[in-house]
Structures are given as structure tokens and as C-alpha cells.
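Participant: If you scroll down you'll find the structure; I have some questions about it.
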Amino acid sequence: MDIKKLQTAVVDALEDVKAQDIKIFDTTHLTSLFDRVAIASGTSNRQTKALASSVRDKIKAKGGHVLSIEGEDTGEWVLVDLGDMIVHIMQPAIRAYYRLEEIWGDKEVKMGAAKRVASTAAAKKAAEDETPTKIRRTRAQAEAVEASQAIDDEAPKKPARKPRATSVTTDAKPAPKTTRTPRASTTLSAAKNKAAAGTGAAVKRKAPAKKAVGTTVKVAMPKSAIASKKAAAAKRPARPKAKA
Numbered sequence: 517m518d519i520k521k522l523q524t525a526v527v528d529a530l531e532d533v534k535a536q537d538i539k540i541f542d543t544t545h546l547t548s549l550f551d552r553v554a555i556a557s558g559t560s561n562r563q564t565k566a567l568a569s570s571v572r573d574k575i576k577a578k579g580g581h582v583l584s585i586e587g588e589d590t591g592e593w594v595l596v597d598l599g600d601m602i603v604h605i606m607q608p609a610i611r612a613y614y615r616l617e618e619i620w621g622d623k624e625v626k627m628g629a630a631k632r633v634a635s636t637a638a639a640k641k642a643a644e645d646e647t648p649t650k651i652r653r654t655r656a657q658a659e660a661v662e663a664s665q666a667i668d669d670e671a672p673k674k675p676a677r678k679p680r681a682t683s684v685t686t687d688a689k690p691a692p693k694t695t696r697t698p699r700a701s702t703t704l705s706a707a708k709n710k711a712a713a714g715t716g717a718a719v720k721r722k723a724p725a726k727k728a729v730g731t732t733v734k735v736a737m738p739k740s741a742i743a744s745k746k747a748a749a750a751k752r753p754a755r756p757k758a759k760a
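Per our numbering, residue 517 is the first one in the sequence shown, and the count goes up by one each step.
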């Protein structure tokens, strides 16, 4: 198995069982026995054993080889030998005591970069495997489209419906409306109203005078008035008579 795929599989197996503080170091410049060293922590004996079992199962499923597993009896420090890679699974106290990072930690490998390389290679391989399938699907779709077009061409076409003769054209103009002549009385009243509005005076009709109702009583003149009237008549000069 390729070393990059191997370290990616180991990291995935450790993460599946919730390993803590996973570190991977490149040891090609330090020893010729192995190329990578992985160090991870487990909180209990049970977890360290489970982490070792997960690494073993994952590598075998990927087609790799597991040479040996040591330390499963106690569970404080379990070592998994994968040939090109050694995996140390330790409890925090044991890890802090032996400090393997100071021995092998000269050149750390970034797990994100390793995962990206492995995933890119896997995606490329999957795309290559899927290409023939896509070509076959495309050909099948093209053949189906051609068959449907041939069926449509062979099918008799229905004649188009003719428009009805009673359809109303939009160019027809409406008949002109006849204007009605106003009545004379209406015209006269409108003229009166207009004149009244122009002068600002309202036309008011005079009410007829009321007739006195009752009997007429004649009053006789007093005697002093009659005597003064006779005296005035006696003092007037007599008019000359006209000659015959």
C-alpha cells in the first residue's frame, strides 16, 4: 500500500474511535526501518485496545498488512506494526513520560494535507471508473431521443383548425353617436340661470299686496272745521262772469 494512503487509513481508524492528540512524523531521514510514526492517546485501557483493533481492521479492509500488535494485555501502551508505519497508542501519563515526539518528531506530517492528497487520488480513480458508465448513459439517451423523433415523424399530423367566419375584426369602427338638440324651455332656463349668475343678483318675485278685509266707516267732520271752511269761502273774491 502507498505510504500516503496508509497514513490516511491509520488517521481515519484512530478518529473513528475518538483518539486524542493524533500526530504523524516522517522518519525517512532518521531510520531505514520504517517511513512513518503515528502517536495517539487513549483515555483508558479499553479505549487503547479499541483503537488498536480499529487500525488493524481498517488496514486489512484496505488491502494492507499488519505485521504484529504488542501491548494489548495491559492496554497502557499498544504498538501496531504495519511495516512502513509504526502506530503508538498510549495513555496520557505513559505518553508524557516517554516523550516519543522528541525522538521521532523532527519532521511532522500535516494530516490535512495527507488527507487531501489521498482523497484527490481516490476521486480521480472514481472518475476514471465512472467515465465509461457516463459514456454508455449518454449513448443510450441519444438513441432514445432519436427513436422518439422517428416515432413523431411517422405519426399522422392532425389538420389545423380553421378560424370561425363569425370572428369580429378589430378594424371595425363604432357607429357615430347622434347629438340630440336641447329643448327650448331648457335653453331658456339655462340662459336665465347664466344671467343671474353673471350679475350676482338673485331673481325675486314680488308678493301681491294684501287686500284689507272688513267694512268702511265714514266719520263726519267736526263743526269747527265746517265753520272755518265757510269763512274762507266768503273771503274769496267773486269770479267775473263771461260776456255773452
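We put the beta carbon where it would ideally sit given N, CA and C, even for glycine. Note that the structure is predicted; figures quoted are calculated from it, not measured.
Should Lys623 go down as buried or exposed, given a rule of 16 or more other Cβ atoms within 10 Å for buried?
Facilitator: exposed
Participant: Rounded to whole angstroms, what's the CA-CA distance from Val596 to Ile602? Just pull it up for me.
Facilitator: Distance from the CA of Val596 to the CA of Ile602, rounded to the nearest whole angstrom, comes to 6 Å.
Participant: With contact counted as at least three CB pairs below 8 Å, one residue from each stretch, are the region 546 to 561 and the region 607 to 617 in contact?
Facilitator: yes
Participant: Measure the C-alpha to C-alpha separation of Asp532 and Ser548 and round it to an integer number of angstroms.
Facilitator: 30 Å
Participant: Locate the beta strand (DSSP E) running through Gln536, then write down its first and last residues.
Facilitator: Per DSSP, the unbroken beta strand (DSSP E) holding Gln536 starts and ends at Gln536 to Asp542.
Participant: Would you report the Cα separation of Gly580 and Val625, rounded to the nearest angstrom?
Facilitator: 21 Å
Participant: Find the nearest neighbour of Ala566 within the set Val553, Ala747 and Gly591, judged by alpha-carbon distance.
Facilitator: Gly591
Participant: Whole angstroms are fine: how far does the CA of Gln523 sit from the CA of Met627?
Facilitator: Their Cα atoms are separated by approximately 9 Å.
Participant: What is the rounded straight-line gap between the Cα of Gly621 and the Cα of Asp542?
Facilitator: 8 Å
Participant: Going by beta-carbon coordinates alone, are Ala525 and Ile575 separated by less than 9 Å?
Facilitator: yes
Participant: How would you write the range of the beta strand (DSSP E) that Ser569 sits in, first residue to last?
Facilitator: No beta strand (DSSP E) holds Ser569; the alpha helix (DSSP H) holding it covers Asn561 to Ala577.
Participant: Identify whether Met806 lies in helix, strand or coil by the three-state DSSP scheme.
Facilitator: Nothing can be reported for residue 806: it is not among the residues displayed for the chain, which extend from 517 to 760.
Participant: If you drop the 5 nearest sequence neighbours on each side, which residues of the same chain put their C-beta closer than 8 Å to that of Ser570?
Facilitator: Ala529, Leu530, Asp532 and Val533
Participant: Run the CB neighbour count on Thr564, radius 10 Å, all protein chains shown included, and call it buried at 16 or more, exposed below.
Facilitator: buried
Participant: With distances taken from CA atoms, which of Arg562, Ile585 and Val553 is nearest Lys520?
Facilitator: Val553
Participant: With 16 as the cutoff for other CB atoms within 10 Å, does Leu540 come out buried or exposed?
Facilitator: The sequence given here has Ile at residue 540, not Leu. Its Cβ being crowded by 16 or more others within 10 Å, Ile540 is buried.
Participant: Given that a residue counts as buried once 16 or more other Cβ atoms are within 10 Å of its Cβ, and exposed if not, what is Val527?
Facilitator: Val527 sits buried, since 16 or more C-beta atoms from the chains shown fall within 10 Å of its C-beta.
Participant: Name the two residues that bound the continuous alpha helix (DSSP H) containing Arg611.
Facilitator: Per DSSP, Arg611 belongs to the alpha helix (DSSP H) from Pro608 to Tyr614.
Participant: Since Ser544 and Asp551 should fall inside the 8 Å C-beta cutoff, what is the C-beta to C-beta distance between them, to a whole number of angstroms?
Facilitator: In the sequence as displayed, the identity of residue 544 is Thr instead of Ser. About 5 Å separates the beta carbons of Thr544 and Asp551, which is inside the 8 Å limit, making them a contact pair.
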